[in-house]
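Okay, so here's the structure we're looking at.
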Amino acid sequence: MILRNPFYYGDFIWKGRHYQGTHDPLITRELFEKVQAVLHNGYKSKSHRLQFAFTGLLRCAKCGCQMTAEKHKGRYVYYRCTGSRGKCGQQYVREEILDEKLAAVLNAIQIDDKIVNWIMQALRESHGEEKAYREAELKRLNRRHGDLQCRIDKAYEDRLDGVIDEAYWRDVSVRWRSEQDAVRVQIECLQRANRNYLEQGMEILELAQCAYSQYVRQDFSEKRRLLNCVLSNCTIDDLTLYPTYKKPFDLIVEGLKTIKKLPRLGLNQRPAD
46 MILRNPFYYG DFIWKGRHYQ GTHDPLITRE LFEKVQAVLH NGYKSKSHRL
96 QFAFTGLLRC AKCGCQMTAE KHKGRYVYYR CTGSRGKCGQ QYVREEILDE
146 KLAAVLNAIQ IDDKIVNWIM QALRESHGEE KAYREAELKR LNRRHGDLQC
196 RIDKAYEDRL DGVIDEAYWR DVSVRWRSEQ DAVRVQIECL QRANRNYLEQ
246 GMEILELAQC AYSQYVRQDF SEKRRLLNCV LSNCTIDDLT LYPTYKKPFD
296 LIVEGLKTIK KLPRLGLNQR PAD
C-alpha cells in the first residue's frame, strides 16, 4: 500500500533493515497511516461508541487543562474543564453543540472541485520536475558505484602485482566498499520514490474533500478517529474552538482563506503563482 513506504516519513528500509534517513520527510508516518485508515474505512460503522466521544481531544483555552465530560440527568452529555488548576470560568457545552462546531472545523479544509483541479495540475507539474531530478540522481549514483568498482578491481590487480601492499589494499577496499553500500542505499531510496509522490498528494486532497461529509454521517468512534487524523490540538473558549491542524491540512486552511480574499476568477483562470 502506498502509504506504507517509510521513505516519505524520513526513514527507509534496505536489505530488510530499517534506517533513519537524512532527507526531509514529506509528512509524518502517523498522519499518512491515519489518512489511509479514514479513506479506506471511513464509511464503516461500529456497533459501539465511546462513552464520551471527544474527551482527550480538547483543552481549555482559559487555563490549559483537559476538557472532560459527564452526563446530566442520565441523558445529556456536557463537556467542562477539569479545573485541575482551579476554577477558570469555562462554560459547560453540550455534546451536540460541540459536535456541530467540530464539523465546522473539518468543513474548513473542504476543497471544491475547481481548486482540486488546480492543485492536481500543480502536483503533476511538480511530479515531472521531481521525476527528472530523480532520474538524474540515479544516473549519477550508478556512475559513482561503477567508478568505485573499477577502483576496487584496479587496486586488487595492483596488490597481486605487488604495486601496493596488503595493508593498503585492505584499507582502500574497505573504504570503497563502504561507500558503495551507502550509494546503493541512496539508489534504493530513489527507486522506491517513483510514482508515489503524486498518489499521496491525491489521497490528501481526497480526504480534504470528503472529511466533512464523512464526519456528519459517521458514528462518534469514527468521528474521533477523523479528528485525530486532521488535528494536532484544539482548544475551546466557552463556545469558540481554536483548532491546530496537522500538516498539510494547516496549509490547505490558510490557502483557502487566501483564495477567498481574491477576486472571483473566470472559468479558465488559475490563481497566480
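Counting in this note's numbering, the sequence shown runs from 46 upward without gaps.
Don't be surprised by glycine CBs; every beta carbon is placed ideally from N, CA and C.
Proximity of residue i and residue j at Cβ, strictly below 8 Å
i, j, result
"Ala98", "Tyr260", "no"
"Val298", "Ile154", "yes"
"Tyr287", "Ala106", "yes"
"Leu143", "Arg269", "no"
"Arg222", "Ile197", "yes"
"Arg125", "Met112", "yes"
"Leu193", "Gln225", "yes"
"Arg220", "His190", "no"
Reduced DSSP secondary structure (H/G/I, E/B, other) of residue i
i, result
"Thr100", "coil"
"Leu286", "strand"
"Gln263", "coil"
"Cys279", "strand"
"Met46", "Confidence in Met46 is poor, its pLDDT being 42 and thus under 50, which makes the residue's placement unreliable; the coordinate value appears in the next sentence. Of the three classes helix, strand and coil, the one that applies to Met46 here is coil, per DSSP."
"Val228", "helix"
"Val298", "helix"
"Lys116", "strand"
"Val122", "strand"
"Cys274", "helix"
"Cys255", "helix"
"Cys234", "helix"
"Leu95", "In this predicted model, Leu95 has a pLDDT of only 45, less than 50, meaning its place in the structure is not dependable; the value taken from the coordinates is given anyway. Of the three classes helix, strand and coil, the one that applies to Leu95 here is coil, per DSSP."
Separation of residue j from residue i, as counted between CA atoms
i, j, result
"Leu272", "Gly246", "19 Å"
"Arg130", "Arg104", "13 Å"
"Val275", "Asn187", "40 Å"
"Gln263", "Leu183", "46 Å"
"Val161", "Leu250", "7 Å"
"Ala114", "Cys133", "16 Å"
"Lys302", "Asp295", "11 Å"
"Ile304", "Ala256", "20 Å"
"Leu205", "Trp214", "10 Å"
"Gln218", "Arg185", "Note on residue identity: the sequence assigns Ser, not Gln, to residue 218. Spanning the two alpha carbons is a distance of roughly 21 Å."
"Tyr123", "Ala227", "57 Å"
"Pro293", "Glu175", "19 Å"
"Tyr88", "Ala181", "Residue placement at Tyr88 cannot be trusted, given a pLDDT of 44 that sits under 50; what the coordinates show is reported in the next sentence. The alpha-carbon atoms of Tyr88 and Ala181 are separated by roughly 42 Å."
"Arg179", "Glu244", "17 Å"
"Leu252", "Cys110", "30 Å"
"Arg199", "Ser277", "Position check: residue 199 holds Lys in this sequence, whereas Arg was assumed. Spanning the two alpha carbons is a distance of roughly 56 Å."
"Ile164", "Gln254", "12 Å"
"Gly128", "Gln96", "21 Å"
"Ser90", "Cys234", "With a pLDDT of 43 at Ser90, under the threshold of 50, the predicted position of this residue should be treated as unreliable, and no value is reported."
"Asp216", "Glu202", "15 Å"
"Cys306", "Gly300", "Looking at the sequence provided, one finds Lys at residue 306 rather than Cys. Their Cα atoms are separated by approximately 10 Å."
Min CB distance residue i to chain D below 8 Å
i, result
"Leu168", "Absence of chain D from the displayed structure is noted, only one protein chain being present."
Residue ranges of each alpha helix (DSSP H) within the stretch 126–195, 4 or longer: 140–152
Three-pair Cβ contact test at 8 Å for the stretch 136–145 versus the stretch 269–288: yes
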